[in-house]
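Inspection log for the structure reproduced underneath, given as structure tokens.
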Amino acid sequence: MKQIQYIMILLLFGVSIPLFAQDVTLFQQFNGRYDYTAIGNTLNVFENGPGTPCTIQSSSSASLNLLTNQNIVAAYLYWAGSGTGDFNILLNGEAITAERTFSDALDENRIFFAAFANITEVIISQGNSNYTVSDFDLSSIISPYCPTGTNFGGWAITIIYEDQNLPLNQLNVYDGLQSVPTILNITLDNLNVLDNEDAKIGFIAWEGDRSIAVNEQLTINDNVISNLPLNPANNAFNGTNSFTGATDLYNMDIDVYNIQDNISIGDTSASITLTSGQDFVMINNIITVLNSQLPDATLIIDGNIVKCGNNSVELFYTVNNFNSTAILPANTPIAFYLDGLLIGQSQTVNDIQINESESNSTIITIPEGTDSDLTIVGIVDDDGTMNGTITETNEDNNITFEDVELLIIPDIIELPELIECNEGFEISTFNLFEALESLDYNEEDVSFFTELDDLENQSNEILIPTNYNNVSAPDVIYVRLSSPPCYEVYQFNLNIENCPPTIPNGFSPNDDNANDWFNIQGLYDIFTEHELLIFNRYGDLIFKGNNDKLWSGVVNKGINANGNIVPVGTYYYVLNLNDPNFESIVGWVYVNY
0 MKQIQYIMIL
10 LLFGVSIPLF
20 AQDVTLFQQF
30 NGRYDYTAIG
40 NTLNVFENGP
50 GTPCTIQSSS
60 SASLNLLTNQ
70 NIVAAYLYWA
80 GSGTGDFNIL
90 LNGEAITAER
100 TFSDALDENR
110 IFFAAFANIT
120 EVIISQGNSN
130 YTVSDFDLSS
140 IISPYCPTGT
150 NFGGWAITII
160 YEDQNLPLNQ
170 LNVYDGLQSV
180 PTILNITLDN
190 LNVLDNEDAK
200 IGFIAWEGDR
210 SIAVNEQLTI
220 NDNVISNLPL
230 NPANNAFNGT
240 NSFTGATDLY
250 NMDIDVYNIQ
260 DNISIGDTSA
270 SITLTSGQDF
280 VMINNIITVL
290 NSQLPDATLI
300 IDGNIVKCGN
310 NSVELFYTVN
320 NFNSTAILPA
330 NTPIAFYLDG
340 LLIGQSQTVN
350 DIQINESESN
360 STIITIPEGT
370 DSDLTIVGIV
380 DDDGTMNGTI
390 TETNEDNNIT
400 FEDVELLIIP
410 DIIELPELIE
420 CNEGFEISTF
430 NLFEALESLD
440 YNEEDVSFFT
450 ELDDLENQSN
460 EILIPTNYNN
470 VSAPDVIYVR
480 LSSPPCYEVY
490 QFNLNIENCP
500 PTIPNGFSPN
510 DDNANDWFNI
520 QGLYDIFTEH
530 ELLIFNRYGD
540 LIFKGNNDKL
550 WSGVVNKGIN
560 ANGNIVPVGT
570 YYYVLNLNDP
580 NFESIVGWVY
590 VNY
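Under numbering that gives the first Met the number 0, think of the first position of the sequence shown as 0, with each following residue one higher.
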């Protein structure tokens with residue numbers, strides 16, 4: 000969608016523009032022999048600012064040149080600019096649509112956007128090539144930004160690659176959109192610094208100006224960092240690309256810094272501070288590359304066998320050591336919980352190599368009195384007290400869940416639910432026998448219950464099943480069908496849905512207190528989020544209403560939105576109920592006096 004179209008939609012539908020930035024947080028983590036590079040280019044012909052031509056291109060190019068042993072793992076495209084956003088662009092002629100968007104603003108008139116798309120398959124397919132972003136058109140909205148030097152547009156591609164010559168690294172991709180002036184603090188979490196040799200940090204930043212360097216300083220853990228000659232300590236964001244040496248990326252930066260002396264072994268987070276006394280700079284992407292030698296245990300429950308008639312469950316599971324940089328040792332503990340209660344333990348048998356797995360099984364016993372439908376929680380690297388024993392690259396991915404249904408004789412057979420229409424969406428009357436249409440039975444052999452325990456004990460039977468009012472929606476009904484020498488158990492739901500509204504064919508807005516407005520029965524108390532659109536015979540929208548704006552024949556839309564009453568005639572309506580169970584209703588209504 001191009002810029003002017005997006006603005007028109009905002010005006011038509013009243014969408015508010017968010018003026019708050021999005022915190023830079025962890026987006027993706029890679030563990031292994033990984034590193035990254037970045038390419039990109041600006042749309043600006045000159046560094047922005049007063050006195051420079053107020054022009055901007057709709058396309059620009061940059062080249063990717065990876066070595067033959069550098070295999071692409073992921074590629075992320077970021078693009079940004081002035082205005083509310085152009086979220087559909089082309090990359091080498093291929094349509095790219097934003098998967099995530101970001102926004103920031105200096106004030107209500109100076110709004111900026113950024114966008115993200117995962118283009119891994121595109122970059123893998125095309126490899127080393129010249130990449131051109133096009134159909135990125137900000138020309139129609141850029142003029143108001145020029146007097147204050149905030150007119151810009153640009154794009155960058157972050158490429159993560161694997162190289163067997165690299166050490167084992169942890170590569171973290173963070174993104175969001177945060178800005179200065181005057182000071183910006185960002186805390187990077189999820190770090191595991193085991194060796195700080197050749198540690199580095201990179202940025203994608205927008206709207207930095209080379210010529211503005213008032214108190215502009217970048218620090219990590221309170222240490223000023225620089226990358227001479229491209230990025231001096233007093234002018235960090237000055238239109239450069241550290242990977243290519245380019246110095247003409249007007250109003251954007253693709254920078255990388257060595258931080259070996261600014262981060263310590265054992266650190267699990269890093270603090271970044273950017274100060275700027277004048278220059279407005281937005282940080283969109285941060286990448287850290289740190290040497291790391293840690294396993295990463297994850298658990299998958301592959302299935303279960305429930306032993307008929309008792310509470311024993313055999314769980315089949317696999318422990319993985321994916322996304323890791325070290326061996327997962329043998330005897331790594333595994334714990335299984337039900338409702339927070341420890342119900343079983345196991346452990347790995349062998350050392351699990353990087354990117355390898357180990358499968359096994361264990362038998363656990365479910366406590367007596369537990370519902371037949373339950374969820375077992377499995378946690379690897381858990382000593383039975385919900386505490387781990389091994390330091391991992393990711394401490395937050397050890398948990399998995401398995402739904403289990405105990406086999407209680409007889410099995411419960413599901414029947415289709417009964418649905419009734421009721422104004423008020425609460426209670427209706429059901430004939431419970433209607434749920435048994437697919438069964439061959441005698442009524443005297445059937446009994447209905449609201450609780451499974453009552454069914455098993457044959458207590459609290461529903462006495463009048465042909466005239467039963469539900470208690471809630473959905474409501475569960477259990478059926479006991481006697482069949483010597485045993486019995487069968489069924490269950491089905493009772494549910495309620497909104498009744499469709501009743502729409503009159505006409506009304507007469509003549510102030511006689513009778514039929515003075517378009518009174519749609521069963522609409523205003525039930526479909527409270529509805530939207531009513533009225534059109535004249537030429538297809539012009541003349542009225543837009545909702546639960547608080549009823550139509551009494553008055554025109555409130557279009558060039559004649561003067562509050563006058565419409566003339567006698569037939570008018571067409573579109574009623575959007577905004578209910579997932581109903582489609583829009585289209586029809587006509589006759590207005591007479």
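For glycine and all other residues, C-beta sits at the position ideal for the given N, C-alpha and C.
In this text, all values refer to a predicted model and were calculated from it rather than measured experimentally.
{"Asked": "Touch test, the segment 460-473 against the segment 429-440, Cβ-Cβ under 8 Å, three pairs minimum", "Found": "yes"}
{"Asked": "Host alpha helix (DSSP H) of residue 123 (start-end)", "Found": "119-125"}
{"Asked": "Own chain partners of residue 91 with C-beta closer than 7 Å, once the 5 adjacent residues on each side are dropped", "Found": "125, 130, 131"}
{"Asked": "Alpha carbon of residue 490 to alpha carbon of residue 398, nearest angstrom", "Found": "32 Å"}
{"Asked": "Rounded separation between residue 123 and residue 382 - CA only", "Found": "42 Å"}
{"Asked": "Length of the line joining the Cα atoms of residue 289 and residue 347", "Found": "28 Å"}
{"Asked": "Per DSSP, cross-strand counterpart(s) of residue 465", "Found": "DSSP lists no partner for residue 465."}
{"Asked": "Cβ shell of residue 118 (< 6 Å), same chain only, five flanking positions each side left out", "Found": "74, 76"}
{"Asked": "Three-pair Cβ contact test at 8 Å for the segment 371-388 versus the segment 336-354", "Found": "yes"}
{"Asked": "Residue closest to residue 66, alpha-carbon to alpha-carbon, out of 445, 34, 541", "Found": "34"}
{"Asked": "Beta-carbon contacts of residue 152 that lie in its chain and below 6 Å, excluding the five residues immediately before and after", "Found": "42, 55, 80, 137"}
{"Asked": "Sufficient close CB pairs (3 or more, under 8 Å) joining the segment 308-328 to the segment 241-250", "Found": "no"}
{"Asked": "Residue range of the unbroken beta strand (DSSP E) whose run includes residue 137", "Found": "Looking at the DSSP string, residue 137 is not in any beta strand (DSSP E), and its letter there is neither H nor E."}
{"Asked": "Residue 28 burial status per 10 Å Cβ neighbour count (16 or more: buried)", "Found": "buried"}
{"Asked": "Proximal residues to residue 183 (C-beta, below 6 Å), its chain only, five neighbours per side dropped", "Found": "177, 273"}
{"Asked": "Spatial neighbours of residue 434 in its chain, beta-carbon cut-off 6 Å, leaving aside the 5 residues before and after", "Found": "414, 417, 491"}
{"Asked": "Cα-Cα separation, residue 307 to residue 439", "Found": "For residue 307, the pLDDT reaches just 49, beneath the cut-off of 50, and the residue's location in the model is therefore unreliable, leaving the point undetermined."}
{"Asked": "Segment contact, 8 Å Cβ cut-off, at least three pairs: the segment 257-268 with the segment 184-201", "Found": "yes"}
{"Asked": "Where residue 401 falls, given that 16 or more other Cβ within 10 Å makes a residue buried", "Found": "buried"}
{"Asked": "Contacting residues, own chain, Cβ-Cβ under 7 Å from residue 245 (five flanking each side not counted)", "Found": "239"}
{"Asked": "Coil, strand or helix - residue 146 by DSSP", "Found": "helix"}
{"Asked": "6 Å CB neighbourhood of residue 539 in its chain, flanking five on each side removed", "Found": "557"}
{"Asked": "3-residue-minimum beta strand (DSSP E) runs that sit fully inside the segment 265-325, ordered along the chain", "Found": "269-274, 280-290, 297-305, 311-319"}
{"Asked": "Residue range of the beta strand (DSSP E) that includes residue 40", "Found": "33-41"}
{"Asked": "Distance, residue 549 Cα to residue 517 Cα", "Found": "7 Å"}
{"Asked": "Whole-number beta carbon distance between residue 570 and residue 534, since they are thought to touch under 8 Å", "Found": "7 Å"}
{"Asked": "Distance between beta carbons of residue 365 and residue 310, contact taken as under 8 Å", "Found": "4 Å"}
{"Asked": "Nearest residue (CA-CA) to residue 380, options 294, 157, 459", "Found": "294"}
{"Asked": "Extent of the continuous alpha helix (DSSP H) run through residue 455", "Found": "451-456"}
{"Asked": "Residue from 248, 24, 286, 456 whose Cα sits closest to the Cα of residue 186", "Found": "24"}
{"Asked": "Among 425, 410, 473, 519, the one whose alpha carbon lies nearest that of residue 479", "Found": "410"}
{"Asked": "Beta-carbon spacing of residue 300, residue 316 below 8 Å", "Found": "yes"}
{"Asked": "Top-ranked residue by Cα proximity to residue 31, from 174, 393, 255", "Found": "393"}
{"Asked": "Residue interval of the beta strand (DSSP E) (run including residue 498)", "Found": "It is not in any beta strand (DSSP E) - residue 498 carries neither H nor E in the DSSP assignment."}
{"Asked": "Close-in-space but distant-in-sequence residues of the same chain around residue 62 (CB under 6 Å, 5 per side omitted)", "Found": "129"}
{"Asked": "Paired residues, beta bridge with residue 48 - DSSP", "Found": "Looking at the DSSP assignment, residue 48 forms no beta bridge with any residue, so it has no partner."}
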